[in-house]
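In the numbering used here, the protein residues as written are 491 to 641.
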Amino acid sequence: MENVEFLSIPENRAAVRAISQRVLAKVEPDELEVSAGLVDPLIDMAAAGKVVTVDTSDKAGGFGGADLMVMVVVPVVVAVLGNLLTKLGELGIDQLKEKLKQKKEATALAKITVGDIEAVVSYTKSSRGMKRTKELASAVNIVLLEYLEIH
């Protein structure tokens, strides 16, 4: 994971939390309640530069079973927002929203690819996440564009 400094700003953490929960609601609605308590600890770990790996023989740092998509979604959202903030030279989500409103190509700038998702999911070592990269990319793109108010 590259840029995680942005997680030192409370509003950015709130954005990661909100976007992650919305993505989870799209890809794993049955896990949303179970995984809700894991989002903040995973954001804390990302802020510390740690990546939780998902291994079927592991309890993933005590978070639970390896099939919890939250352990894939949170790192994906952190990476996507961190990269977008870095690319546009912003520190905060509110400033990012304002800058994107001024850009004609805002949708293209904010949109992520399946390759972007695969790169992050490979860090988590989640075979389930890797099988669902197209679905994850679609969900992240939909939620991110809504959250950033890009139309």
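Every residue, glycine too, gets a C-beta built ideally from N, C-alpha and C. Predicted model, so just to flag it, every value in this text is computed and none were measured.
Collapsed DSSP secondary structure at Asn502 in the structure displayed
On the sequence shown, residue 502 is found 12 positions in, with the first residue counted as 1. In the structure shown, Asn502 adopts helical secondary structure according to DSSP, grouped into three states.
Q: List the whole-angstrom C-beta distance separating Ile607 from Val564, where the pair is believed to meet the contact cut-off of C-beta under 8 Å.
A: Working through the sequence shown from its first residue, we reach residue 607 at position 117. Working through the sequence shown from its first residue, we reach residue 564 at position 74. Not a contact, Cβ separation roughly 13 Å.
Looking at the structure shown, is Val463 part of a helix, part of a strand, or coil, going by DSSP?
In this structure the chain extends from 491 to 641, so residue 463 is not present and cannot be described.
Inset, instruction - Please determine, among Tyr613, Lys601 and Thr576, the residue with the shortest C-alpha to C-alpha distance to His641. - result: Working through the sequence shown from its first residue, we reach residue 641 at position 151. Nearest option by C-alpha distance: Lys601.
What does a CB cutoff of less than 7 Å around Ile529 pick up in its chain, not counting 5 residues either side in sequence? What you label residue 529 is simply residue 39 of the sequence shown in a count that begins at 1. What sits at residue 529 in the sequence shown is Val, not Ile. Closer than 7 Å at the Cβ level, and outside the excluded window around Val529, lie Arg507, Ser510, Gln511, Val560 and Val564.
Entirely within the segment 547-604 and at least 4 residues each: give me those alpha helix (DSSP H) ranges in chain order. Within the segment 547-604, the complete alpha helix (DSSP H) runs of at least 4 residues fall at 560-578, 583-591 and 596-600.
Quick check: Ala537 and Leu571, are their CB atoms within less than 8 Å of each other?
Taking the sequence shown and counting its residues from 1, the one referred to as residue 537 is at position 47. Taking the sequence shown and counting its residues from 1, the one referred to as residue 571 is at position 81. The answer is no: Cβ separation not under 8 Å.
Excluding five sequence neighbours on each side, which residues of the same chain lie with their C-beta closer than 7 Å to the C-beta of Glu625?
-> Translated into the one-based positions of the sequence shown, residue 625 becomes position 135. Leaving aside the five residues that flank Glu625 on each side, the residues in its chain whose CB is nearer than 7 Å to its CB run, in chain order, Val517.
When Leu581, Val610 and Lys621 are compared against Lys540, the one with the closest alpha-carbon: Within the sequence shown, numbered from 1, the residue matching residue 540 stands at position 50. Out of Leu581, Val610 and Lys621, Val610 has the C-alpha closest to the C-alpha of Lys540.
What residues in its chain sit with their C-beta under 8 Å from that of Asp520, if we drop five residues either side in the sequence? Here residue 520 refers to the residue found at position 30 of the sequence shown. Its chain contains no residue whose beta carbon lies nearer than 8 Å to that of Asp520 once the 5 sequence neighbours on both sides are disregarded.
field: Between the CA atoms of Thr623 and Ser578 - distance to the nearest angstrom
entry: If you number the sequence shown from 1, residue 578 lands on position 88. If you number the sequence shown from 1, residue 623 lands on position 133. A small correction: the amino acid at residue 578 is Leu; Ser does not occupy that position in the sequence shown. Cα to Cα, Leu578 sits roughly 25 Å from Thr623.
Practice prompt. Label Ile632 either buried or exposed according to how many other C-beta atoms from any shown protein chain fall within 10 Å of its C-beta, with 16 as the threshold for buried.
Written response: On the sequence shown, residue 632 is found 142 positions in, with the first residue counted as 1. Ile632 should be labelled exposed.
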